[in-house]
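Written out below as structure tokens is the structure these notes cover.
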Amino acid sequence: YTFLSNSNTYFKSFTTPAYLGESIDAADLPLSVRDYWRTQQRDLAEMRKKAGRQVIHEAFPQITHEVFLWAWHVVNTRCIYVENKPHPNIDNSAGDTLAVIPFVDMLNHDPQAKGIAMYDRYSNTYMVRVAHCVLEDEQVTVCYGPHDNARLWMEYGFTLPDNPNGKVILEHALFIALAKKVGVSVSSLHEQALQDAGLPCTLYLSDEGPSWALRVNMKILMLSSSDIKRWRELVYVEKPRAASLCSSDGEESEIDEQELAERRILERIISELRQAVAPQETKWVWKEQVMIVDVVLSSFKR
Numbered sequence: 457y458t459f460l461s462n463s464n465t466y467f468k469s470f471t472t473p474a475y476l477g478e479s480i481d482a483a484d485l486p487l488s489v490r491d492y493w494r495t496q497q498r499d500l501a502e503m504r505k506k507a508g509r510q511v512i513h514e515a516f517p518q519i520t521h522e523v524f525l526w527a528w529h530v531v532n533t534r535c536i537y538v539e540n541k542p543h544p545n546i547d548n549s550a551g552d553t554l555a556v557i558p559f560v561d562m563l564n565h566d567p568q569a570k571g572i573a574m575y576d577r578y579s580n581t582y583m584v585r586v587a588h589c590v591l592e593d594e595q596v597t598v599c600y601g602p603h604d605n606a607r608l609w610m611e612y613g614f615t616l617p618d619n620p621n622g623k624v625i626l627e628h629a630l631f632i633a634l635a636k637k638v639g640v641s642v643s644s645l646h647e648q649a650l651q652d653a654g655l656p657c658t659l660y661l662s663d664e665g666p667s668w669a670l671r672v673n674m675k676i677l678m679l680s681s682s683d684i685k686r687w688r689e690l691v692y693v694e695k696p697r698a699a700s701l702c703s704s705d706g707e708e709s710e711i712d713e714q715e716l717a718e719r720r721i722l723e724r725i726i727s728e729l730r731q732a733v734a735p736q737e738t739k740w741v742w743k744e745q746v747m748i749v750d751v752v753l754s755s756f757k758r
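End of the sequence shown = 758 in the numbering used here, gap-free, step of one.
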């Protein structure tokens, strides 16, 4: 489509919260997109300030806020990541990695896309490679990135019904608070050990259960006051398991009592997380977070 300045011309609108003018408090968003929303709002404000300068306004008086927002979305929803060479007329202080490439920007997003969009330095061309023969009328898709639905909504204005990239990110402070709530004794040494380990507390929809990093963080909090000072040795060093015990149905159980206790506490922490109240404006985002929590909780039943 083309935008013209006459009043009889219509242009495509967008469905992102920024374009629709939705007022969202970043504190009401999941951690997975909180920083992105703040950055997007800051970038929009800075770009609008530049577009509103006197010299630009005099040259292009038809650039209203609506037109500016439309133009910004045309670029932001279609731009491709390409490392560009420095240009004297472009601010490269933050790195210039954006390009708008005809046709490529028409390809839809699919997390399992077989098409790979890439810049080939040898031929100096941008191409889309596929791992199979493309039939007539078959759609070629690319992956915009491992984005959850909240990120897709904010950046592109759509969501996917079966998005495998859903995740729930917990701040260490919240993880510790929930652990204390279910009865875990957490000292300043435990908190320092968590900080030193630097592992995320994240639940992934694609995982069959709690992530390795989350389980390690749980192990650290479960260490006794006498063991916490040597947490690296106890957490990272592989210890021989006790002899396997055969269950009545012939299956072998390899989970020792300590690991079982850690799993039970972790299950209670995640259950507490599920009780959080979601703000009305972003309720659907939090419903998806609850769904991910439920998937992880169901793994404890298996």
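C-beta atoms are modelled at their ideal positions from N, C-alpha and C, and glycine is treated no differently. Note that the coordinates shown come from a computational prediction; the quantities given were computed from them, not determined experimentally.
Asked, Found
"Looking only at its own chain, which residues have a Cβ that is under 7 Å from the Cβ of Lys675, when we skip the five neighbours before and after it?", "Val691 and Glu718"
"Is there contact here, the region 473-486 with the region 724-742, by at least three beta-carbon pairs under 8 Å?", "yes"
"Report the rounded CA-to-CA distance for Pro567 versus Pro620, giving the unit in angstroms.", "7 Å"
"Determine the extent of the beta strand (DSSP E) in which Met583 is found, giving its start and end residues.", "Thr581 to Val586"
"Between Val598 and the rest of its own chain, which residues show a CB-CB distance below 6 Å, the 5 nearest in sequence each way excluded?", "Leu563, Ala569, Gly571 and Ala573"
"Shortest alpha-carbon distance to Arg494 belongs to which of Thr471, Met610, Glu723 and Thr520?", "Met610"
"On the premise that Thr553 lies in contact with Asn540, defined as a C-beta separation below 8 Å, what is that separation, rounded to the nearest angstrom?", "7 Å"
"Taking only runs that begin and end inside the region 502-543, name each unbroken beta strand (DSSP E) of 3 or more residues, in chain order.", "none"
"With a threshold of 7 Å on Cβ separation, who are the neighbours of Ser755 within its own chain once the five nearest residues in sequence on each side are excluded?", "Glu664 and Gly665"
"Do you know whose CA, among Leu722, Tyr612 and Leu591, lies nearest Tyr600's CA?", "Tyr612"
"So Leu679 is in the beta strand (DSSP E); what residue range does that whole segment cover?", "Where Leu679 is concerned, there is no enclosing beta strand (DSSP E), given that its DSSP letter is neither H nor E."
"What do you get for Glu707, buried or exposed, if any count of 16 or more other CB atoms within 10 angstroms of its CB means buried?", "Residue placement at Glu707 is poorly supported in this model, since its pLDDT is 40, which falls under 50; the coordinates still yield a value, given next. By the neighbour-count rule (16 or more Cβ atoms within 10 Å), Glu707 is not buried but exposed."
"Extract the residue ranges of the alpha helix (DSSP H) inside the region 715-757, only unbroken runs of 4 or more that lie entirely within it.", "739-756"
"Using only alpha-carbon positions, find the residue among Glu723, Arg686 and Ser579 that is nearest to Gly639.", "Glu723"
"Excluding the five sequence neighbours on either side, which residues of its own chain have a C-beta within less than 7 Å of the C-beta of Pro602, listed in chain order?", "Asn621"
"Looking at C-alpha atoms only, which residue of Glu728, Arg671, Ala474 and Phe470 is the closest neighbour of Leu500?", "Ala474"
"What first and last residue would you give for the alpha helix (DSSP H) that runs through Ile572?", "Counting along the chain, Ile572 falls outside any alpha helix (DSSP H), though it belongs to the beta strand (DSSP E) covering Gly571 to Asp576."
"To the nearest angstrom, report how far apart Glu594 and Val584 are at their CA atoms.", "15 Å"
"Could you give the distance in angstroms between the alpha-carbon of Trp742 and the alpha-carbon of Pro486?", "7 Å"
"Do you know how far the Cα of Leu716 is from the Cα of Pro617?", "34 Å"
"Lys637 lies in the beta strand (DSSP E); which residues open and close that run?", "Lys637 -> not in any beta strand (DSSP E); alpha helix (DSSP H) instead, spanning His628 to Lys637."
"Below 7 Å CB to CB, which residues in the same chain sit around Tyr660 once its five sequence neighbours on both sides are set aside?", "Lys623 and Ser667"
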